[in-house]
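According to this note's numbering, the first sequence is numbered sequentially starting from 501. Let me begin by presenting the structure, written as structure tokens, before commenting on it.
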Amino acid sequence: MSEQKKKLVEAITPINEDFAQWYTDVCLKAELVDYSTVKGCMILRPYGYAIWENITHILDGMFKATGHENVAMPIFIPESLLQREKDHVEGFAPEVAWVTYGGNEKLEERMCVRPTSETLFCDHFAHVLHSWRDLPMKYNQWCSVVRWEKTTRPFLRSREFWWQEGHTIHETAQEAIDETLQQLNTYADFCEKYLMIPVVKGKKTDKEKFAGAEATYTIEAMMHDGKALQSGTSHYFGDGFSRAFDVQFTGRDNQLQYPHQTSWGVSTRLVGAIIMTHGDDEGLILPPAIAPYQVVIVPVAAHKPGVAEKAEELAARVGKFARVKLDTSDNSPGWKFSQWEMKGVPLRLEIGPKDIEKNQCVLVRRDTREKTFVSLDELETAIPRLLEELAANLYQRALENREARTWAATTMDQVKQLAAENNGYIKTMWCGDEACEEKMKEEVGLSSRCMPFEQEHLSDVCPCCGKPAKVMVYWGKAY
RNA sequence: CGGGGUGUAGCGCAGUUGGUAGCGCGCCUGGUUCGGGACUAGGAAGCCGUGGGUUCAAAUCCCGCCACUCCGACCA
């Protein structure tokens with residue numbers, strides 16, 4: 501093993517040696533996050549925040565294109581408000597942080613820091629909704645929320661995390677259901693077209709659905725190690741929350757009615773999904789759409805006449821059609837190569853004296869490390885093309901990993917054997933009984949990921965109890 | 001909340017049978033370098049996680065606490 505190779509390996513734990521450690525290494529060494537003094541609260545560093553920012557910009561555009569408006573709600577929820585919907589409070593009470601003092605005075609009523617804002621939105625809807633003409637109200641907010649998790653990991657499970665939460669109310673159940681599915685599709689499209697992460701769309705079982713929801717829909721992504729990551733959820737509430745919070749409107753028939761409601765969210769967890777889907781031994785690999793820098797320019801022998809100037813000229817040119825970083829630090833080129841690979845920049849452009857003589861540069865793809873010599877006259881076509889190819893390859897690799905790790909089973913013995921040998925999705929039929937779901941958890945360690953929209957008929961009976969099967973379920977270990 | 005691991009310089013670590021701290025990387029200042037983590041000379045930097053105890057003497061032994069981390073249970 502060469503000296504350079506050894507150093508690279510020391511920097512980041514090999515992905516197949518210890519995936520959890522690899523993940524932590526990438527988060528820290530790619531300078532995405534730092535730990536803060538409060539356990540479980542992460543600091544998003546500039547590079548990590550830039551990724552999140554790109555995610556938010558794209559999604560925000562998608563939300564607005566479908567008629568949603570951004571709002572900002574308070575950070576505090578009075579206890580009485582949180583308790584209005586029974587299932588909801590039961591689901592969230594164990595993990596909320598409470599504020600009991602204001603200054604030096606104990607509060608009459610304690611308030612929690614929002615773990616999610618359904619209650620706040622409902623309270624507000626009750627104030628502003630009067631007529632069917634006010635509907636639909638399609639709101640979204642970008643904010644952070646707090647859930648007092650017991651064990652925490654950067655991006656995947658932090659006590660405070662950043663997200664968006666959409667909250668909408670509609671005149672009819674059908675409109676709300678359509679909205680729920682539309683937003684789920686928005687998430688799926690975003691993951692597949694921008695993050696290059698293939699997802700399985702489906703419905704959560706009752707056991708796994710959101711506290712207070714009538715139905716929860718999910719997109720499930722599979723990580724490099726075969727574990728599942730719930731990457732976005734969209735909930736249909738029916739009129740349960742409306743009734744609990746007295747949200748009413750006068751309908752077309754002049755009768756008071758309860759609106760039908762949805763909520764949906766994705767979080768900074770998506771950054772974790774990107775890391776664990778695309779990364780490799782050298783570190784992060786970022787999909788071009790959300791990479792803070794899509795191209796890094798590394799001048800070689802920058803002190804030689806003309807090199808620095810040429811590099812700046814290229815940076816200005818490339819900057820017109822891609823996010824570009826010109827690394828003028830006095831680190832050696834080799835150091836820069838490794839550094840920017842670790843940070844996942846999709847494309848590296850090397851420019852040195854030899855290139856300038858030949859009116860060319862070297863373009864290196866992060867995913868394959870393939871080098872191409874490109875004429876300086878062709879940058880405007882070559883760079884976008886390579887970025888597109890890289891993106892397509894990331895998606896393809898992730899899809900292949902998922903397919904290689906998805907198995908069908910018709911008996912419990914098969915399920916147990918598959919689960920013992922590998923991480924991945926195991927699909928089986930299911931009777932719909934929660935007892936079987938719990939058995940799967942206790943005996944095999946698998947949770948139901950979803951009942952996918954794309955159903956297959958694998959057998960007639962539930963492998964767990966032998967009763968007639970109702971639906972096909974994806975099972976897996978999840979983050 | 002259960003089980004494991006780790007706390008010594010910014011990071012990674014060493015520190016023997018107790019004797020008051022060292023290595024590599026990084027950092028700062030020069031010089032030479034520059035196409036895969038350069039070389040060299042000099043330099044700065046540590047209440048040894050924290051509180052107690054044992055001892056003439058504790059990074060080292062004993063007890064408590066705290067933090068981080070990994071694996072489970074719970075969750076976006």
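By construction, the Cβ of each residue, glycine as well, lies at the ideal position given by its N, Cα and C atoms.
Name, in chain order, the residues that DSSP records as bridge partners for residue i.
i    : result
K804 : DSSP, once it has assigned bridges, lists no residue as partnering K804.
F449 : This structure gives no information on residue 449, because the portion of the chain shown stretches from 501 to 979.
C936 : Its beta-bridge partners do not exist; DSSP assigns none.
T750 : S631, L756
W907 : I926
M637 : I669
Y736 : A715, T762
M723 : Paired residues: none, contrary to the question.
P799 : I851
L826 : I797
G702 : T718, P952
Please state whether DSSP places residue i in a helix, a strand or coil.
i    : result
E503 : At E503, the pLDDT of 33 sits below 50, so the modelled position is not reliable; the number obtained from the coordinates is stated separately. In the structure shown, E503 sits in a helix (DSSP, three-state: H, G or I).
D689 : helix
D678 : helix
D960 : coil
Y895 : helix
P788 : helix
Q755 : coil
L508 : Caution applies to L508, whose pLDDT of 40 falls short of 50 and renders its modelled position unreliable; the value that the coordinates give is listed next. L508 falls in the helix class under three-state DSSP.
P952 : strand
N901 : helix
D780 : strand
S742 : helix
V599 : strand
C643 : strand
K977 : coil
Q794 : coil
F661 : strand
E608 : strand
R653 : strand
A728 : strand
V571 : coil
M972 : strand
G966 : coil
I774 : helix
Give the single residue among the options whose Cα lies nearest to the Cα of residue i.
i    : options                : result
A690 : L559, D746, N570       : Per the sequence shown, residue 690 should be read as Phe rather than Ala. When each option's Cα is compared against that of F690, the closest is L559.
A550 : T868, V771, S947, G966 : V771
V864 : V796, L582, K916       : V796
H803 : K820, Y793, S829       : S829
G976 : V915, R610, C931       : V915
R614 : L814, L582, Q896       : L582
A868 : S658, D781, D913       : Note that residue 868 corresponds to Thr in the displayed sequence, not to Ala. Nearest C-alpha to T868: D781.
P833 : K638, P799, E841       : P799
Y736 : T672, A815, L532       : T672
E956 : A909, A892, H557, D913 : A909
F616 : G591, H630, G602       : Before going on, a small fix: residue 616 reads as Thr here, not Phe. If we check each option's Cα against that of T616, G591 comes out closest.
G890 : H557, L695, T556, A728 : The sequence given here places Leu at residue 890; Gly does not occur at that position. Ranking the options by Cα distance to L890, first place goes to L695.
L786 : T524, F519, W552, Q521 : W552
L814 : D855, W840, A511       : D855
R653 : A713, S767, A520       : A520
L756 : S631, Q683, R657       : S631
A904 : A892, T600, E857, L918 : L918
L946 : K967, G966, Y974       : Y974
R647 : R633, C612, M637       : C612
C950 : A978, V944, T750       : A978
M842 : V526, N923, W522, T768 : V526
What I want to know is whether the C-beta of residue i ends up closer than 7 Å to one or more non-hydrogen atoms of the ligand GTP.
i    : result
Q917 : This structure lacks the ligand GTP; in fact it carries no ligand of any kind.
Next item on the list: Pick out the complete alpha helix (DSSP H) segments inside the stretch 517–559, 4 residues or longer, and give them in chain order.
Entry: As far as the stretch 517–559 is concerned, its whole alpha helix (DSSP H) runs of at least 4 residues are 519–529.
Item checked: Segments of 3+ residues assigned as beta strand (DSSP E) that fall wholly inside the stretch 833–890 -> As far as the stretch 833–890 is concerned, its whole beta strand (DSSP E) runs of at least 3 residues are 847–851, 860–865, 871–875.
Notebook entry, point to check: Should the stretch 533–542 be regarded as contacting the stretch 667–681, the criterion being three or more beta carbon pairs within less than 8 Å?
Noted result: By the C-beta criterion, the stretch 533–542 is judged not to be in contact with the stretch 667–681, since fewer than 3 inter-stretch pairs fall below 8 Å.
Check: Below 8 Å, can you find three or more Cβ-Cβ pairs linking the stretch 621–631 to the stretch 744–756?
Finding: Because the criterion of three Cβ pairs below 8 Å is met, the stretch 621–631 and the stretch 744–756 touch.
Checklist line | At least 3 beta-carbon pairs within less than 8 Å: the stretch 785–794 vs the stretch 838–849 | finding: A contact exists between the stretch 785–794 and the stretch 838–849.
Note to self: Quick check: the stretch 748–763 against the stretch 651–669, are at least 3 beta-carbon pairs closer than 8 Å?
What the structure shows: The stretch 651–669 vs the stretch 748–763: in contact.
Margin query: I want to know whether the stretch 572–581 touches the stretch 629–644 - three or more CB-CB distances under 8 Å.
Written below: Yes, they touch.
Check: Quick one: any contact between the stretch 930–938 and the stretch 954–970, if contact means 3 or more CB pairs under 8 Å?
Finding: At 8 Å Cβ cutoff, the stretches touch.
Check: Does the stretch 714–729 come close enough to the stretch 596–610 to have 3 or more Cβ pairs within less than 8 Å?
Finding: For the pair of segments examined, the stretch 714–729 was found not to touch the stretch 596–610: the number of CB pairs separated by less than 8 Å stays below three.
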